[in-house]
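Structure first, then comments.
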Amino acid sequence: MGINETQSKDLKLLGDRLKRFRTDKGLTLKQLGYLIDKDPQSISRVEMGNINPTYLFLLDLCKGLGVDISEVLKDLQK
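Next up, the structure:
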């Protein structure tokens, strides 16, 4: 089962929010990847909304960004 248009937009919104948190912290993809032991390309794919991150991947991203997962997800679903 593929991702529908609404879900694709939701993933893009999530990715945009994660990227904003990362850039606000002044971190590059490489730096964040080093902090959470993930490859920068995978983080980039999440930020672009190209993949649906697992809960554990999302938790790692939030930890690396120093932000609570609830802040990342806040107001994304309307």
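Residue numbers (the working numbering): 3 to 80. Positions of the beta carbon are idealized from the N, C-alpha and C atoms, including for glycine.
Practice prompt. Report the three-state DSSP secondary structure of residue 42 (helix, strand or coil).
Written response: For the purposes of this step, residue 42 is identified with residue 40 of the sequence shown, where counting begins at 1. Three-state DSSP puts residue 42 in a helix.
Fill in: Proximity of residue 38 and residue 75 at Cβ, strictly below 8 Å
As a first step, residue 38 is located in the sequence shown; it is residue number 36 there, counting from the start. As a first step, residue 75 is located in the sequence shown; it is residue number 73 there, counting from the start. Cβ distance not < 8 Å, so residue 38 and residue 75 don't count as in contact.
Discussion item. Let me make sure I understand the geometry here. Which of 61, 25, 52 has the alpha-carbon closest to that of residue 40?
Written reply: Here residue 40 corresponds to residue number 38 of the sequence shown, with the count starting at 1. The shortest C-alpha separation from residue 40 is found at 61.
Worksheet item: For residue 8, which three-state DSSP category applies?
Response: The residue labelled residue 8 in the question sits at position 6 within the sequence shown. In the structure shown, residue 8 sits in a helix (DSSP, three-state: H, G or I).
Worksheet item: Considering only residues of the same chain and omitting the five flanking positions on each side of residue 2, which have a CB-CB separation below 7 Å?
Response: The shown model of the chain, from 3 to 80, leaves out residue 2, and the question about it has no answer.
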